[in-house]
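Trainee:
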Amino acid sequence: MYPANFDYKRPATVDEAIALLAQHGDAAKVLAGGHSLIPAMKLRLAQPTVVVDIGRIEALSYVREARGAIAIGAMTTHREIETSAVLRDRSPLLAETAAHIGDLQVRNKGTIGGSLAHADPAADYPAAILALDAEIELAGPRGRRTVKASAFFVDLLQTSLEANEIIVEVRVPLTAKSVAYEKTEQKASGFALAGAAVVVGQEAVRVGITGVAAKAYRASEVERLLAGQRTPTPQAIALAASHAADGVDPLSDIHASAAFRAHLAEVNTRRAIERALARA
Amino acid sequence: MRLTITAVVPAARERVFAALVDPAILQRCIPGCESLVETAPDTYQAALRVGVAGLKGSYTGTATIRDRRPPDGLTIALDGKGAPGFVRGTAAIALTSEEHATRVACDADVQVGGLIAAVGSRLVDAAAKKLADDFFKQLSAVLSAT
Numbered sequence: 018m019y020p021a022n023f024d025y026k027r028p029a030t031v032d033e034a035i036a037l038l039a040q041h042g043d044a045a046k047v048l049a050g051g052h053s054l055i056p057a058m059k060l061r062l063a064q065p066t067v068v069v070d071i072g073r074i075e076a077l078s079y080v081r082e083a084r085g086a087i088a089i090g091a092m093t094t095h096r097e098i099e100t101s102a103v104l105r106d107r108s109p110l111l112a113e114t115a116a117h118i119g120d121l122q123v124r125n126k127g128t129i130g131g132s133l134a135h136a137d138p139a140a141d142y143p144a145a146i147l148a149l150d151a152e153i154e155l156a157g158p159r160g161r162r163t164v165k166a167s168a169f170f171v172d173l174l175q176t177s178l179e180a181n182e183i184i185v186e187v188r189v190p191l192t193a194k195s196v197a198y199e200k201t202e203q204k205a206s207g208f209a210l211a212g213a214a215v216v217v218g219q220e221a222v223r224v225g226i227t228g229v230a231a232k233a234y235r236a237s238e239v240e241r242l243l244a245g246q247r248t249p250t251p252q253a254i255a256l257a258a259s260h261a262a263d264g265v266d267p268l269s270d271i272h273a274s275a276a277f278r279a280h281l282a283e284v285n286t287r288r289a290i291e292r293a294l295a296r297a
Numbered sequence: 002m003r004l005t006i007t008a009v010v011p012a013a014r015e016r017v018f019a020a021l022v023d024p025a026i027l028q029r030c031i032p033g034c035e036s037l038v039e040t041a042p043d044t045y046q047a048a049l050r051v052g053v054a055g056l057k058g059s060y061t062g063t064a065t066i067r068d069r070r071p072p073d074g075l076t077i078a079l080d081g082k083g084a085p086g087f088v089r090g091t092a093a094i095a096l097t098s099e100e101h102a103t104r105v106a107c108d109a110d111v112q113v114g115g116l117i118a119a120v121g122s123r124l125v126d127a128a129a130k131k132l133a134d135d136f137f138k139q140l141s142a143v144l145s146a147t
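Those sequence lines, one after another, are chains A and B.
Sequential numbering of the first sequence, starting at 18, is according to our numbering.
Sequential numbering of the second sequence, starting at 2, is according to our numbering.
1) Should the segment 155 to 165 of chain A be called in touch with the segment 249 to 259 of chain A, which here means at least 3 C-beta pairs below 8 Å?
2) Touch check for the segment 270 to 286 of chain A and the segment 171 to 186 of chain A: three-plus C-beta pairs under 8 Å?
3) Give the interface partners of V53(B) over in chain A, defined as CB-CB distance under 9 Å, in chain order.
4) Taking A133(B) and L4(B) to be in contact with their CB atoms under 8 Å, please state how far apart those CB atoms are, rounded to whole angstroms.
5) Can you list, in chain order, the residues of its chain whose CB lies under 8 Å from that of G109(A), leaving out five sequence neighbours each side?
6) For V143(B), does the three-state DSSP call read helix, strand or coil?
7) Could you check whether the Cβ of P85(B) sits closer than 8 Å to any Cβ belonging to chain A?
8) Assess, as a yes-or-no matter, whether the segment 59 to 72 of chain A is touched by the segment 98 to 107 of chain A under the definition of 3 or more beta carbon pairs within less than 8 Å.
9) Using a Cβ cut-off of 8 Å (strictly closer), state whether K82(B) contacts chain A.
10) At a cut-off of 7 Å, would you count A231(A) as near the ligand GDP, judging by its Cβ distance to the nearest heavy atom?
11) Among all the DSSP beta bridges, which residues are the ones paired with D108(B)?
12) For a contact defined as C-beta to C-beta under 8 Å, what are the partners of G90(B) on chain A?
13) Could you tell me which residues DSSP pairs with S59(B) in its beta bridges?
14) Quick one: what does DSSP say F87(B) is sitting in, helix, strand or coil?
15) Work out the CA separation of T40(B) and P72(B) for me, nearest whole Å.
16) Is there a C-beta anywhere in chain B that falls below 8 Å from the one on F208(A)?
17) Count the other CB atoms, across all protein chains shown, that sit within 10 Å of the CB of D110(B); report buried if there are 16 or more and exposed otherwise.
18) Are the C-beta atoms of A128(B) and some chain A residue less than 8 Å apart?
19) Give the DSSP-derived three-state secondary structure of P71(B) in the structure shown.
20) In this structure, does DSSP put F170(A) in helix, strand or coil?
21) May I ask you to report which of helix, strand or coil DSSP gives K15(A)?
22) On the DSSP letters alone, give me the boundaries of the alpha helix (DSSP H) that G131(A) sits inside.
23) Can you give me the C-alpha to C-alpha distance between P138(A) and R96(A), rounded to a whole angstrom?
24) Looking at E240(A) and V222(A), is the spacing between their C-beta atoms short of 8 Å?
25) Please tell me whether K131(B) has its Cβ less than 8 Å away from any Cβ of chain A.
26) Between the segment 230 to 245 of chain A and chain B, which residues of the former have CB atoms less than 8 Å from a CB of the latter, in chain order?
27) Which class does L60(A) belong to by DSSP, given the choice of helix, strand or coil?
28) In this structure, does DSSP put P190(A) in helix, strand or coil?
29) Report buried or exposed for L174(A), applying the criterion of at least 16 other Cβ atoms within 10 angstroms of its Cβ.
30) Specify the secondary structure class of S36(B) as computed by DSSP and reduced to three states.
31) With which residues is Q175(A) paired in a DSSP beta bridge?
32) I need the straight-line Cα distance from I55(A) to A21(A), nearest angstrom please.
33) In this structure, what does DSSP give as the bridge partners for K26(A)?
34) Considering only residues of the same chain and omitting the five flanking positions on each side of L256(A), which have a CB-CB separation below 7 Å?
35) Beta carbons nearer than 8 Å to chain A: which residues of the segment 54 to 66 of chain B have them?
36) Which parts of the segment 72 to 132 of chain A are runs of the alpha helix (DSSP H), unbroken and 4 residues or longer, counting only runs that do not cross its ends?
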C-alpha cells in the first residue's frame with residue numbers, strides 16, 4: 018500500500034496553485050484533506066506525478082456572512098463547518114450534514130472543497146449543497162466563475178470543474194431552522210447508502226439526495242408535489258417522498274440493491290421533511 | 002458482481018454483431034483501450050488504462066469469444082489483471098431487433114479481486130456501469146457515423 022513516486026508542491030496562494038496546475042496539466046492532482054486522494058494513490062488507482070497540496074492555503078479557510086449568504090472557504094474542514102456558530106445560527110443544514118461525515122479524525126482533516134471536487138456518489142455534502150441551491154466559486158487560469166449546485170455535479174466522480182481549476186468558495190443562502198439531513202449509512206465506511214437533505218422555505222421545498230445514483234440529484238417530483246403546501250398532511254408527505262428516486266437509475270452493489278436504495282431514499286426523504294417541518 | 006446492462010444501438014443486428022467482434026471498432030469504443038490485438042481466432046489481447054475521472058488503473062488481459070451466434074449474440078470470457086487487482090468473468094450478450102435499431106442486453110458475471118476488491122469495492126459497481134454506458138454511447142456514435 019505504497020503510492021507510486023510523485024512530486025509534492027505546497028503553494029501558498031490560490032494563484033500559485035493554479036499556475037502549478039497549468040504547468041503540469043493532467044499529471045497533477047490537487048490534494049486537500051487527503052481522505053479520498055491518498056487512499057486512491059495507495060491503491061494506485063490514482064498515480065499523479067505531481068501532487069499540489071492546497072490544504073494549507075490559509076486564505077481558503079473561513080466561514081463568514083456576506084451579502085445575504087454565508088461564504089465558506091473551500092479548505093474549511095468538516096469539523097469547522099459542523100461547529101460553526103454562524104452556520105448553526107443562520108443556515109444550519111450544512112453544519113448538521115457535516116456532523117454525519119465519517120468520524121472525528123476524518124472531519125478534522127477533510128474539507129468541503131475536497132469533498133465536492135471529488136464528487137463521491139455517496140458523500141454527504143452534495144445532498145445539502147443541492148437542497149440549499151448553493152453557489153460554488155471556481156478559480157482557474159482565466160479568472161473566477163460561479164457554478165450553481167444544480168449544474169456542478171455531472172456524473173460519477175465528475176463535476177463541471179476543469180482540470181486546471183480549483184474550488185475556492187461555497188456560498189449557501191441564509192435559511193430558517195426548517196432544514197434536516199437524514200441518512201442511512203454503510204456501517205463500515207460511514208458513507209451514505211441513501212441520504213436526503215431538505216430545506217423547507219416559504220414557498221417551496223427543496224430536496225437533495227445522495228448515495229442513491231451515480232451523482233447526487235434534486236428530487237424534483239417530491240418538490241413539485243409539496244410546492245405551496247405550508248403544512249402538508251403526513252399522507253401528503255409520504256406520497257411525495259415515494260417519488261424520491263423517480264427518474265434516476267439507482268446504484269446496486271453488495272451493500273444495497275437498487276430497489277433497497279430507492280426504498281432508503283424514500284424513507285430518509287420522508288423523515289427529513291417531517292423533521293424539517295417540526296422545526297419550522 | 003452481476004452487471005446487467007441494456008443499450009439501444011441505432012443499427013441493424015448484423016452490423017452491431019460485426020462491430021462487437023471487430024478489433025478496430027472495439028478499440029475505439031472501449032473506454033481507455035490502449036491496444037487490442039487478435040492473437041488467435043476469437044482471442045484478443047488488450048491493454049487498458051481504465052477508470053473514472055482521476056481514478057485510473059492499468060490492466061492487461063485476454064478476451065475470448067465463445068458461443069458466436071451471429072446475429073443473435075455471443076458470450077465473451079474475460080481475464081485481466083493490473084496493479085489494483087484482477088477481473089475475471091463472462092458476459093453474455095444478446096441482440097434483438099427493434100425498429101431501425103438493435104437492443105443489446107449484456108448480462109455479465111464478473112469477479113473482481115485483489116486490492117481493489119478489498120479496499121476500493123464501494124465504487125466498483127458504479128464505475129463498471131458507467132464504463133459500460135460509455136462503451137455503448139461510443140458504439141452508437143461509431144455506427145451512426147459510418
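For glycine and all other residues, C-beta sits at the position ideal for the given N, C-alpha and C.
Here the structure is a predicted model, which means the values were calculated and not measured.
Mentor: According to the structure data:
1) no
2) no
3) Position 52 of the second sequence, counted from the start, is the residue given in the question as residue 53(B). Correct list: D172, L173, L174, Q175.
4) Position 132 of the second sequence, counted from the start, is the residue given in the question as residue 133(B). Position 3 of the second sequence, counted from the start, is the residue given in the question as residue 4(B). Sure, about 7 Å apart at Cβ, within 8 Å.
5) To locate residue 109(A), count along the first sequence from 1; it is residue 92. Note that residue 109(A) corresponds to Pro in the displayed sequence, not to Gly. Hits under 8 Å: T192, K194, V196.
6) Taking the second sequence and counting its residues from 1, the one referred to as residue 143(B) is at position 142. Helix, per DSSP.
7) Working through the second sequence from its first residue, we reach residue 85(B) at position 84. Closer than 8 Å: yes.
8) Proximity of the segment 98 to 107 of chain A to the segment 59 to 72 of chain A falls short of the contact definition, fewer than three beta-carbon pairs being nearer than 8 Å.
9) By one-based count along the second sequence, residue 82(B) stands at place 81. Chain A, which has no Cβ nearer than 8 Å to the Cβ of K82(B), makes this no.
10) Absence of the ligand GDP from the depicted structure is noted, as is the absence of any ligand whatsoever, leaving it without description.
11) For this step, residue 108(B) is matched to residue 107 along the second sequence. Among the bridge pairs identified by DSSP, D108(B) is matched with T5(B), A93(B).
12) Sequence index remark: in the second sequence, residue 90(B) carries index 89 (1-based). Going along chain A, no residue has its Cβ under 8 Å from G90(B), so there is no contact; the nearest lies around 15 Å.
13) Numbered from 1 along the second sequence, position 58 holds the residue referred to as residue 59(B). BP columns for S59(B) point to R50(B).
14) As a first step, residue 87(B) must be located in the second sequence, where it is residue number 86. Looking at F87(B) - three-state DSSP - the assignment turns out to be strand.
15) Residue numbering aside, residue 72(B) sits at position 71 when the second sequence is read from its first letter. Residue numbering aside, residue 40(B) sits at position 39 when the second sequence is read from its first letter. Distance between P72(B) and T40(B), taken at the CA atoms: about 23 Å.
16) If you number the first sequence from 1, residue 208(A) lands on position 191. Interface residue, yes.
17) Within the second sequence, numbered from 1, the residue matching residue 110(B) stands at position 109. By the C-beta density criterion, D110(B) is exposed, having fewer than 16 other C-beta atoms within 10 angstroms.
18) The sequence position of residue 128(B) within the second sequence is 127, counting from 1. A128(B) counts as touching chain A.
19) Residue mapping note: residue 71(B) aligns to position 70 of the second sequence, counting from 1. Coil.
20) Counted from its first residue, the first sequence places residue 170(A) at position 153. The answer is strand: DSSP assigns F170(A) an E or B state.
21) Given a span of 18 to 297 for chain A in the structure shown, any question on residue 15(A) remains unanswerable.
22) Taking the first sequence and counting its residues from 1, the one referred to as residue 131(A) is at position 114. Residue range 129 to 135 is occupied by the alpha helix (DSSP H) that includes G131(A).
23) Sequence index remark: in the first sequence, residue 138(A) carries index 121 (1-based). Sequence index remark: in the first sequence, residue 96(A) carries index 79 (1-based). One C-alpha to the other measures close to 21 Å.
24) Within the first sequence, numbered from 1, the residue matching residue 222(A) stands at position 205. Within the first sequence, numbered from 1, the residue matching residue 240(A) stands at position 223. Contact flag set, yes.
25) As a first step, residue 131(B) must be located in the second sequence, where it is residue number 130. Taking Cβ atoms only, chain A reaches closer than 8 Å to K131(B), which makes this a yes.
26) A231
27) Stepping through the first sequence from its first residue, residue 60(A) is reached at position 43. Correct three-state label for L60(A): coil.
28) As a working mapping, residue 190(A) is identified with position 173 in the first sequence. It is a strand residue.
29) The sequence position of residue 174(A) within the first sequence is 157, counting from 1. With 16 or more other Cβ atoms within 10 Å, it is buried.
30) Here residue 36(B) is taken as the residue at index 35 of the second sequence, counted from 1. Reduced to three states, the DSSP call for S36(B) is strand.
31) Within the first sequence, residue 175(A) is the residue found at index 158, counting from 1. When beta bridges are read from the DSSP output, Q175(A) appears opposite D172(A).
32) As a working mapping, residue 55(A) is identified with position 38 in the first sequence. As a working mapping, residue 21(A) is identified with position 4 in the first sequence. Rounded to the nearest angstrom, the two C-alpha atoms are 11 Å apart.
33) Reading the first sequence from its first residue, position 9 is the one you call residue 26(A). Its beta-bridge partners are V69(A).
34) Your numbering for residue 256(A) matches position 239 in the first sequence. These residues qualify, in order along the chain: L242.
35) The residues in question are A54, G55, L56, K57, G58.
36) 95 to 99, 102 to 107, 109 to 115, 121 to 126
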